[in-house]
Each structure stands twice: as C-alpha cells, then as structure tokens.
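In my numbering, the protein residues as written are 527 to 734.
Written out as structure tokens, the structure reads:
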C-alpha cells in the first residue's frame, strides 16, 4: 500500500530528482567511474503500461571493467533491492528494483562499454503538463506568424507561393531538436502539433 501511494504521488519533477539521486549514488560507489550521457530513447526501458510514463537517465561507462557489476550489485543489495544478474549470449545484464520501484540497469554486450541506466516508477502521464502547454502556445504563435514573416522577406528572390513556406525549414529544425531531447520532448510535441496544423492552414489561405 505504501509503495502504491508513493507512485500515485509521483510527479515528473520528483521522478527526475529520484532518478538523478540513484544514478549519482551508483556512480559514486565505484571510484573513478565516469558517465557519458546517452539519450533516454537509447537506454533500456522497463515495460510501461498505456497511459503511464517513466523518467530514464543514464549513459556509457568508458573504461569500466566487469568489477563494476559486483560493486553496483553489492550497493543495491544492501539497499534492499531485488537484484537479477544474468549472463546471456549477447552479454551480461544486471537489473535491480529498489523498494520504491526505481529500476537500475547495467548491461554490457561483447566488448562494448557497460551502459548504466536508472528508470523511475511508472506514473500517470498528465493530459496537459507545463511543457506540452507551452509547446501548444508556441506552435500556435509560430504557425500564425511564420507564413506572414516569411512573406515580408525579399519577395523577388522567392517566386509566388513559395514565399509563404519559407518558415518551414526553421520550424522543422526547432521542432525536431525539441523532440530529440528528453527534457524538451513534451514541448516539442505541442509545438509540432499546433505549429503544423495552424501554420499549414495559414500558408494555404494566404497563398490562395
């Protein structure tokens, strides 16, 4: 019951803080360990039910040897975590789930550097959070102003209708960059949705 209550109260901010604390604790347990961050989409993700989300952080551990598995395993066993440590044909896979539901994963395949990741417990994804709302507003503004601003440029250099579409490459660059980074992904989703719908509509109307 206590674990369920903790998960119910979990927010993105508290989940992010919990992930960072556990990642830092794991790294500090092995003196000299260095982490090269890896985007969350390339890290191992625990199964997540529909309507839920997790915060995941981690990275490669250059120059770490197999001893890191023993050190990390001892750390999380002492913390009361449920630990599995298995060798597969692809490599070694370690996973620990702490009493509050955070999942610590350490995997090494072949001669590749070990990869460490920490994932928060699953928590409900809000329909509209601050990042998504800001993205929706920014997308609406860019969609309305983009075609108009593009038209103000040197119309002689861009024939006819093409001038209304000059904002598109910049929009794609900004939206794509926002979607790539985990910290700005919700903003990027909102920006892409309203920016695309409103921007295309305005451009078509103005060019007709």
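Glycine is no exception: its CB is placed at the ideal position from the N, C-alpha and C atoms.
Exposed or buried, what is residue 537 when buried is set at 16 or more other beta-carbons lying within 10 Å of its beta-carbon? Taking all protein chains shown into account, residue 537 has fewer than 16 neighbouring C-beta atoms within 10 Å of its C-beta and is therefore exposed.
With respect to the alpha helix (DSSP H) encompassing residue 540, which residues constitute its N-terminal and C-terminal limits? Counting along the chain, residue 540 sits inside the alpha helix (DSSP H) bounded by residues 538-554.
Evaluate residue 575 with the Cβ neighbour count: other Cβ atoms within 10 Å of its Cβ, from every protein chain shown; 16 or more gives buried, anything less gives exposed. Counting C-beta atoms within 10 angstroms of its own C-beta, residue 575 has fewer than 16 neighbours from the protein chains shown and is therefore classed as exposed.
Pull up the CB-CB distance for residue 705 and residue 714, whole angstroms please, since I reckon it's below 8 Å. Confirmed, Cβ separation roughly 4 Å.
Quick one: using the 10 Å Cβ neighbour count with 16 as the cut-off for buried, is residue 568 buried or exposed? Under this definition residue 568 is an exposed residue.
Just confirm the distance between the C-beta atoms of residue 546 and residue 645, as a whole number of angstroms; I'd bet it's less than 8 Å. Actually they do not touch by this definition, with Cβ atoms about 12 Å apart.
Answer yes or no: do residue 606 and residue 669 have a C-beta to C-beta separation smaller than 8 Å? No, these two residues do not count as a Cβ contact at 8 Å.
DSSP beta-bridge partners for residue 564? Beta-bridge annotation (DSSP): residue 564 is not paired with any residue.
So residue 607 is in the alpha helix (DSSP H); what residue range does that whole segment cover? Per DSSP, residue 607 belongs to no alpha helix (DSSP H) and is neither H nor E.
Report buried or exposed for residue 707, applying the criterion of at least 16 other Cβ atoms within 10 angstroms of its Cβ. Flag for residue 707 reads exposed.
If contacts are defined as beta-carbon pairs under 8 Å, then residue 631 and residue 570 qualify, I think. What distance do you get, rounded to the angstrom? In this structure residue 631 is in contact with residue 570, their Cβ atoms being roughly 5 Å apart against a cut-off of 8 Å.
Between the region 692-703 and the region 631-643, do at least 3 Cβ pairs fall closer than 8 Å? The region 692-703 is not in contact with the region 631-643.
For residue 608 and residue 554, I'd like the C-alpha separation in whole angstroms. Straight-line spacing of the CA atoms in residue 608 and residue 554 works out to 20 Å.
With respect to the beta strand (DSSP E) encompassing residue 633, which residues constitute its N-terminal and C-terminal limits? Residue 633 -> beta strand (DSSP E) spans 629-635.
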